[in-house]
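Structure record follows, encoded as structure tokens.
Number of protein chains: 2
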Amino acid sequence: MEEISKSPVSDVPTLADVAARAGVSTATVSRCLNTPDRVTEKTLKTVMDAVNHLGYAPNYSARALAAGRTNMIGAIIPTMENAIFARGIQAFQEELQKNGCTLLVASSSYRQDLEEEQIRTLTARGADALLLIGYQRDPQIYEFLKKRKIPAVLTWASEPSQNFLSVGFDNRKAMKELATDVIGKGHRTIGCISADTATNDRARERVEGIWAAMRDAGLEPDTLQVVETAYSIENGEAAFQQLMSGANPPTAVMCGNDVLAVGALRAAADLGLKVPDDVAITGFDNIELAFVAPVPLTTVHVPHRRMGQLAARALIEALHGRSPESVELPTEVRHRNTL
Amino acid sequence: MEEISKSPVSDVPTLADVAARAGVSTATVSRCLNTPDRVTEKTLKTVMDAVNHLGYAPNYSARALAAGRTNMIGAIIPTMENAIFARGIQAFQEELQKNGCTLLVASSSYRQDLEEEQIRTLTARGADALLLIGYQRDPQIYEFLKKRKIPAVLTWASEPSQNFLSVGFDNRKAMKELATDVIGKGHRTIGCISADTATNDRARERVEGIWAAMRDAGLEPDTLQVVETAYSIENGEAAFQQLMSGANPPTAVMCGNDVLAVGALRAAADLGLKVPDDVAITGFDNIELAFVAPVPLTTVHVPHRRMGQLAARALIEALHGRSPESVELPTEVRHRNTL
């Protein structure tokens, strides 16, 4: 880590400078900044004019040391480039903001080692609490958070052991519901394009959901043709081509998210296959791409904004010393034109 | 702002606890944490084992006070829900991370008053530097940043006075180029769906770019039919319907971004209009929606990732006391099927 030095800060305005300019005591300035409802309108205006004129800002580092808190809450997400994380985190931030908290964000590029490093970094930077995605990680990380007394909320999943606070949804159940509909349409040879199931618990549970539906329908789960790849339109195209060029091409391809499904749709068009007559394709998430796609996607709707909002509320509860309950949000299959 | 209290922090492990457990001096622990290359592998392992076992994390609040810096850099964006900001900020964060800096994010919902409040909040929380979108804001904010010695980089635009550090692109020039192509195809009755031009400098410059192209072609800029609305697919649909139900419906509708353009495309399909034969539609940004759209969009490609990366580098330069130069990135018209 490279050290960054700032120019000398000696002429940065202080509380005393503000007090001098406003002609009041430093205690009055503090009151204006911290409990403005306890000062008169006139004093508040005089002091805030001085604050603005001098460009004064309270020193939260000093405050944080004194109070043992920073009102900064960290979120570590795989990437901001997927609309679902952007949407959930936007709602999370709006709710934090209403409660006087600031969001610290880091992204891990879906790498567990990077996520661990970022958990330590955000904690070291003073994050009071953390939002994390999924539940699968080194138990030592949970130990670390416990020892540091940092509340964490797990999102985008329902933590199966119920040992941790989570605000999410059941990926297995959601995908099982969609897979049951796929099988109900008569499909027996099924393909699946998934993210890495070894490191991504959401991806693994979605595949397990398809297996569960197959079992219930008397199909052999082993016959599910799974291609694992990173989430992108291009990768969805390549994986779909791979599935279709196999010995026993599937009649339905269930994708781990809408981005992969849009790639599959594009590849199907390139191969001259009609969707859903020649091959059915499904997504997961219900982002804008899903309904804007050339053939509007049948997919699973996930309440991302609601999840972000409730996750923020849970962390704020925890920071107030209360014990928020985990929340499992319902998902819903959205039937459009690809199944 | 509601105050949040944390549970007592007295049993949070200290540097001395780590030193005691590892059987080394506190100075050695500091070296392991700050300059690990200056200690032996063996010492590093012993100390880091103790750090991990105890769940110790260095206290950046105390460090920040001592060093006058936090290595935290703030970004205030209109919303994370637009893919272009998510993409640019993801690249910005990746570059910051490489340089040992953490990202603080706030979003302003395109509201200038909220942005101003967030500039003060992030600064108060210890942001060493800020990324801002566009250049149009109360001059008093620039004064505040100057007095606080907080470097700021303006992005998504080229700041016209060249008085501020900016890493962006020329919205007027980019849209003028596209409008010239639209006029070159024979269009004389042109519509425009734009975000609020009074508060959004990027939106205003894009409209000005169309006017400039019209002037160059001998068309009367006043004849441009502008509908202003917030960026969303639904609003794009409604604005397109409004333009088409006027007395003199345009033969080409230029949209302020791809999201609005996708809305326009959907509305055109609903009205039974063929694109581009009955009406041409153009976008701006070149996000995934643009090429996934039912008719792939002719749009302006903006190098969002590159912009985020270079903006991070500029701020890091500034924090090192150097004077980075502003950068104007090239944009490029992408011809697809809607013009």
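Top to bottom, those sequences are chains A and B.
full-length UniProt numbering numbers the first residue of the first sequence as 1 and each following residue consecutively.
full-length UniProt numbering numbers the first residue of the second sequence as 1 and each following residue consecutively.
Idealized CB from N, CA, C, for every residue including glycine.
Under the three-state DSSP convention, the category residue i falls into
{"i": "S326/B", "result": "coil"}
{"i": "D285/B", "result": "strand"}
{"i": "A75/B", "result": "strand"}
{"i": "E94/B", "result": "helix"}
{"i": "L132/B", "result": "strand"}
{"i": "R266/A", "result": "helix"}
{"i": "A247/A", "result": "coil"}
{"i": "A217/A", "result": "coil"}
{"i": "A293/B", "result": "coil"}
{"i": "A314/B", "result": "helix"}
{"i": "A280/A", "result": "strand"}
{"i": "E117/B", "result": "helix"}
{"i": "H187/A", "result": "coil"}
{"i": "R38/A", "result": "helix"}
{"i": "L339/A", "result": "coil"}
C-beta neighbour in chain A for residue i, strict 8 Å
{"i": "P13/B", "result": "yes"}
{"i": "S30/B", "result": "no"}
{"i": "F144/B", "result": "yes"}
{"i": "Q309/B", "result": "no"}
{"i": "M244/B", "result": "no"}
{"i": "S161/B", "result": "no"}
{"i": "R148/B", "result": "yes"}
{"i": "Q225/B", "result": "no"}
{"i": "Q93/B", "result": "yes"}
Proximity test, Cβ basis, 8 Å: residue i and chain B
{"i": "T102/A", "result": "yes"}
{"i": "N52/A", "result": "yes"}
{"i": "L165/A", "result": "no"}
{"i": "M1/A", "result": "Below a pLDDT of 50, predicted positions are generally treated as unreliable, and M1/A, at 39, falls in that range; no measurement from the model is reported."}
{"i": "S107/A", "result": "yes"}
{"i": "Q241/A", "result": "no"}
{"i": "G55/A", "result": "yes"}
{"i": "I193/A", "result": "no"}
{"i": "F112/A", "result": "Note that residue 112/A is Gln in the sequence shown here, rather than Phe. It does not: the Cβ of Q112/A has no partner Cβ on chain B nearer than 8 Å."}
{"i": "residue 350/A", "result": "Nothing can be reported for residue 350/A, as the shown portion of chain A is limited to 1 through 339."}
Burial state of residue i, where buried means 16 or more other Cβ atoms lie within 10 Å
{"i": "S161/A", "result": "exposed"}
{"i": "S194/B", "result": "buried"}
{"i": "G263/A", "result": "buried"}
{"i": "G55/B", "result": "buried"}
{"i": "N248/B", "result": "exposed"}
{"i": "G74/A", "result": "buried"}
{"i": "K42/A", "result": "exposed"}
{"i": "A16/A", "result": "exposed"}
{"i": "A257/B", "result": "Correcting the residue type first, residue 257/B is Asn in the shown sequence and not Ala. It counts as buried."}
{"i": "E3/A", "result": "Legend: pLDDT at E3/A = 41, less than 50; position of this residue unreliable, value from coordinates given subsequently. The residue in question, E3/A, is exposed, as its Cβ has fewer than 16 Cβ neighbours within 10 Å."}
{"i": "H187/A", "result": "buried"}
{"i": "K185/B", "result": "exposed"}
{"i": "S166/B", "result": "buried"}
{"i": "E143/B", "result": "exposed"}
Per-residue contacts from residue i into chain B (C-beta, under 8 Å)
{"i": "R87/A", "result": "M80, E81"}
{"i": "T121/A", "result": "T102"}
{"i": "Q90/A", "result": "T79, M80, E81, S107"}
{"i": "Q140/A", "result": "N52"}
DSSP beta-bridge partners of residue i
{"i": "C192/B", "result": "V226/B, M254/B"}
{"i": "I141/A", "result": "Bridge partners of I141/A: none, in fact."}
{"i": "S166/B", "result": "L154/B"}
{"i": "H301/B", "result": "D285/B, E332/B"}
{"i": "S107/B", "result": "I77/B"}
{"i": "residue 341/B", "result": "Here chain B covers residues 1 to 339 and nothing more, so residue 341/B does not appear."}
Test: residue i CB closer than 8 Å to a CB of chain E
{"i": "K176/A", "result": "Included in the structure are the protein chains A and B, with no chain E among them."}
Interface partners of residue i on chain A, CB under 8 Å
{"i": "L289/B", "result": "E288, L289, V292"}
Residue i: contacting residues in chain A (beta-carbon distance under 9 Å)
{"i": "G256/B", "result": "None at all; the shortest Cβ gap to chain A is about 17 Å."}
Interface partners of residue i on chain B, CB under 7 Å
{"i": "M72/A", "result": "R125"}
Chain A contact residues for residue i, given Cβ-Cβ distances below 7 Å
{"i": "V262/B", "result": "V292"}
Interface partners of residue i on chain B, CB under 9 Å
{"i": "I233/A", "result": "E288, F291, V292"}
Any non-hydrogen atom of the ligand SAM closer than 7 Å to residue i Cβ
{"i": "G246/B", "result": "This structure lacks the ligand SAM, and indeed carries no ligand of any kind."}
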